[in-house]
Each structure stands twice: as C-alpha cells, then as structure tokens.
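Residues in the sequence shown are numbered from 5 upward in steps of one, following this note's numbering.
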Amino acid sequence: DHSLKIAGRNTSIFSDSARSEIHNRSEGINRQVNKICYQALISGAISKREIIDSKDLPFPQ
Numbered sequence: 005d006h007s008l009k010i011a012g013r014n015t016s017i018f019s020d021s022a023r024s025e026i027h028n029r030s031e032g033i034n035r036q037v038n039k040i041c042y043q044a045l046i047s048g049a050i051s052k053r054e055i056i057d058s059k060d061l062p063f064p065q
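So this is what it looks like as structure tokens:
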C-alpha cells in the first residue's frame with residue numbers, strides 16, 4: 005500500500021483477504037511481498053479488476 009500511496013492512490017487496491025494471503029505466502033519477506041504483489045497487479049490488470057482479491061494472487065511456489 006505504501007508504494008500505491010506514493011503513486012497517488014488513496015485507497016487500498018488489495019482486499020483484506022488478499023493482504024492476509026500475501027503476508028502468509030511471503031512470510032513477511034519484502035522481496036517475496038513485492039514479487040507476489042507485482043504478479044497479482046499484472047493478473048488484476050489483465051482481468052480489469054478494481055480491487056485485487058486473493059483469487060488474483062499467483063499460485064504458491
């Protein structure tokens with residue numbers, strides 16, 4: 005959310021369930037958070053979603 009605020013977005017683009025799942029999958033490791041979020045943003049953009057939900061997250065690796 006920090007990067008999105010810097011980019012000018014005032015509301016979160018990630019749902020609560022997506023944020024929780026990102027935390028679980030990344031184990032709090034910043035690099036992993038960024039990789040998951042990047043892939044989710046691409047998936048959400050392709051699907052033309054306003055809000056990224058847990059179904060937009062990449063499969064666990």
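Note that CB positions come from ideal geometry on N, CA and C, so glycine has one too. Since this is a predicted model, take the numbers as computed values, not measurements.
| Check | Outcome |
| --- | --- |
| Best match in Gln36, Leu45, Ile33 for proximity to Ser19 [C-alpha to C-alpha] | Leu45 |
| Host alpha helix (DSSP H) of Ser21 (start-end) | 20 to 30 |
| Presumed contact (8 Å Cβ cut-off) between Ala22 and Asp60, rounded CB distance | 7 Å |
| Bridge-paired residues (DSSP) for Ile56 | Phe18 |
| Selected residue, minimal CA-CA separation from Ile40, among Thr15, Asn14, Ser7, Phe63 | Phe63 |
| For Gly48, the three-state DSSP class (helix, strand or coil) | helix |
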